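Data first, discussion second: the structure below is written as structure tokens.
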Amino acid sequence: MRSRIRNHLSRINQKRSVIQHWPSVLFIISFLLLFPSSTSSQEGKIGYVDSMRLRTEFKEFADAQAKFDQEVTAWQKEIDELGKVIDSLVADSAKYSLVLSEAKRKEKNDYLISRRLEYGQLTNDIFGPNGRAEKKNAELTKPILDKINLVLEKIATDENFIMIFDSVNGNIAYAKKNLDLTDLVLEELKKLE
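Just so you know, we're using the numbering used here here: the sequence shown kicks off at 56 and counts up by one.
Structure (structure tokens):
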């Protein structure tokens, strides 16, 4: 049962990862196609940030991640406990199947099926699309992402950047190290604390 949950979470993360990257890729392609001459003629810079470093070095992100991890641990415990109940029901069913009447076997089997459905529903309610985990993650990260976006806008305006990319999403084929704005973003975020 636990491996099914891990596989389910892995598939969700893979889908989410692909879906999250498409808007950025489409925006960049659209921007370059619609404004090819304006980007080359403007006096502006292009930079990038390492969002993984922002996640690990910006304290608010680390705190939000710790809260989220606590929630996930509690949810996983709830799912695991129901899984143990189901495992026990399966063992009892096999153990007593020969001594129970047909009606009692059917009753126990129906109960087992209902608990398995409950298990699947609980897993989906927590880790499925628009589940508790996704909603809690959005609730915890939205204020932080809003703050980071404000800082990125400020840096872009103050430092004359026309584009800033996120190196973690794989949207950069090549970039000079001096274009990495992560330290500057972290400094600005620390000023806001």
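Glycine included, C-beta positions come from ideal geometry on N, C-alpha and C.
Please read these numbers as outputs of a predicted model, since none were measured by experiment.
Residue nearest to residue i in terms of C-alpha spacing, selected from the options
| i | options | result |
| --- | --- | --- |
| K114 | I199, R171, L234, L205 | I199 |
| L247 | V223, I203, S222, F216 | I203 |
| Q131 | D201, N179, N185 | N179 |
| L137 | G183, S169, K190 | S169 |
| I134 | I217, G99, F182 | F182 |
Outcome for residue i when other beta-carbon atoms lying within 10 angstroms are tallied against a minimum of 16
| i | result |
| --- | --- |
| G102 | buried |
| S96 | Note that S96 scores a pLDDT of 45, beneath 50, so its modelled location is shaky; the value from the coordinates is reported in the next line. Answer is exposed; the Cβ neighbour count stays below 16. |
| A121 | exposed |
| L172 | exposed |
| I210 | buried |
| A119 | buried |
| A188 | buried |
| I74 | Low per-residue confidence applies at I74: pLDDT is 47, beneath 50, and the placement is therefore not dependable, though the value from the model is reported in the following sentence. It is exposed - the Cβ of I74 has fewer than 16 other Cβ atoms within 10 Å. |
Length of the line joining the Cα atoms of residue i and residue j
| i | j | result |
| --- | --- | --- |
| L236 | E126 | 32 Å |
| V104 | N192 | 22 Å |
| D213 | N233 | 17 Å |
| K245 | D124 | 24 Å |
| K139 | V145 | 10 Å |
| L167 | Y174 | 10 Å |
| G186 | T196 | 16 Å |
| L155 | T128 | 38 Å |
| Q176 | E112 | 36 Å |
| I141 | R110 | 38 Å |
| S143 | D165 | 15 Å |
| K161 | F116 | 51 Å |
| K190 | D238 | 30 Å |
| R108 | E242 | 13 Å |
| P184 | E194 | 15 Å |
| D201 | M218 | 18 Å |
Supposed close pair residue i, residue j - CB separation, criterion 8 Å
| i | j | result |
| --- | --- | --- |
| L205 | V240 | Rounded, the Cβ-Cβ distance is 11 Å, inconsistent with contact. |
| V223 | S106 | 5 Å |
| F216 | K100 | 5 Å |
| S148 | K159 | Going by Cβ atoms, the distance from S148 to K159 rounds to 11 Å, so no, they are not a contact pair. |
Proximity test, residue i beta-carbon vs the ligand SAM heavy atom, cut-off 7 Å
| i | result |
| --- | --- |
| E115 | Among the components modelled here there is no ligand, and therefore nothing to report on the ligand SAM. |
Interface flag, residue i vs chain B, CB-CB below 8 Å
| i | result |
| --- | --- |
| I210 | Judged by its chain identifiers, the structure shown contains no chain B, having just a single protein chain. |
**Asked** Along the chain, which unbroken stretches of the alpha helix (DSSP H) at least 4 residues long are found entirely within the region 142-212?
**Response** 157-182
**Message:** Restricting to runs no shorter than 4 residues, where is the alpha helix (DSSP H) found entirely within the region 91-136?
**Reply:** 91-96, 106-112
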